[in-house]
Every structure is written in structure tokens, then in C-alpha cells.
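A short worksheet on the structure shown next.
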Amino acid sequence: MRKQLVAALIVVAFVLPLQAAPPEKAIFAGGCFWCTESDFEKVPGVISAISGYTGGSVVRPSYEQVSGGGTGHRESVEVLFDPQKVSYAKLLDVFWHSVDPTDNDGQFCDKGAQYRSAIFYLNDAQRRLAEASKQALEPRFGGKIATDVLPASTFYTAEDYHQDYYKKNPVRYHFYRFNCGRDQRLRAVWGDGAGSH
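Here it is, written out as C-alpha cells:
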């Protein structure tokens, strides 16, 4: 009887699928959220990237309010990811190589506090990893990293026309990205590692 039970348990263990880990979230501000969303959606293991606003004091701000400055929000992206396929540490690496961490005035052609880069952590583990990754980069940039590491606050999803902008409007998106000098500056900052995923 005992041998039959053990055999049955072994069969069940092999037949039942492994329990999938629940998706996790991460929030990053990397300047224009169209570009940040596009960069993260190309990463294997990322389920979705949603453009939005976080870090401010106005409830449900509009794009006009945020882009005009004064709400305290930053254009941000909420990344939903499968931790069994991509780690938070890997997402941090993608983030760093997609921004100019030395720019305290915004990112690329977009200037103002609403375009400043930031990592918004959702728990202590994310905070520790984010701070450690920033500290590890400081020698490369002479300690002059302007990117903030901040606790996450309410994330407000941006208007529908901002979501997947790079897919819906590829010509306008690429025109904007090129004219903003994003990839050119990333190459200057990161060399061959620019935008590396």
C-alpha cells in the first residue's frame, strides 16, 4: 500500500504543472514614456509596459497637467513582468542603459522635472537592488548620478492615445525619438551597451 501511495505521488508530481509565480511590477521614469515603454516591451519576460504618471500630488492628472509641470508627477512606465523569466535586477540594467543618468534637468530633448529619470521601488527588496545598482554605477560617472531612487506612490495610467504609441504611430514615434537625440546620446553615454537588453 505504501509503495502504491509513493508511486501515485510521483506520478502526480510529474503530471501536475509547476505553480507559476505571480507577475510582479516595477515602475521606472526614463523621460518620454513612449520610449521607455517601447524599450521595456522588447525585454523577454516582460508581460506589459504601461505609460502613466507617478510621484506627484494631483489626483488623476492629465497629460496636459503633467507635461506643463507643477504637478510633481513624472512620465513613468509600470512594467508587469514574469520573475521566472526576467529578474528585477535585469530590468534595472535595461533601465540604466536606456537613460542618461547624469542629466538632472530631464532626459534628452525633454526638459523639466516631469522628465527626470527615477526608479520607483515597490518594496524593500526593490529598494535595496535599485540603490545597489546606482551605487555600482557611481564610479563610472564620478558619483554624479542624477537618477532618483524613490518610494512608489499612486501610478495613474496615461490616456489611451499614449499607450503603445510606438506601435500605433511608428513613423511619428521614430521621427520623435531620432529628433530628440535619444539614441545618439545613449551611444555617447553607454557606447556599445546603449539600450542593451
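Heads up: the sequence shown begins at 0 in numbering that gives the first Met the number 0, then just goes up one per residue. For glycine and all other residues, C-beta sits at the position ideal for the given N, C-alpha and C.
The beta carbons of Val45 and Val85 sit about 6 Å from each other, so the pair counts as a contact at 8 Å. Proximity to Tyr165 across Phe27, Leu91, Thr35 and Gly29 peaks at Thr35, based on C-alpha coordinates. DSSP places Phe154 outside both helix and strand once states are collapsed to three, so it counts as coil. By alpha-carbon distance to Ser56, the top candidate from Ser47, Gly68, Ile49 and Gly30 is Gly68.
Per DSSP, Glu130 has no beta-bridge partner at all. Residue pairing by DSSP puts Phe27 in a beta bridge opposite Val76 and Ile118. CA-CA distance, Asp38 to Asn122, rounds to 23 Å. Residue environment for Thr70: buried (at least 16 other C-beta atoms within 10 angstroms of its C-beta). The beta-carbon distance between Thr53 and Tyr155, rounded to whole angstroms, is 7 Å. This is short enough to meet the 8 Å contact definition. Ile49 is bridged by DSSP to Glu77.
Bounds of the alpha helix (DSSP H) holding Asn178 are Pro169 to Asn178.
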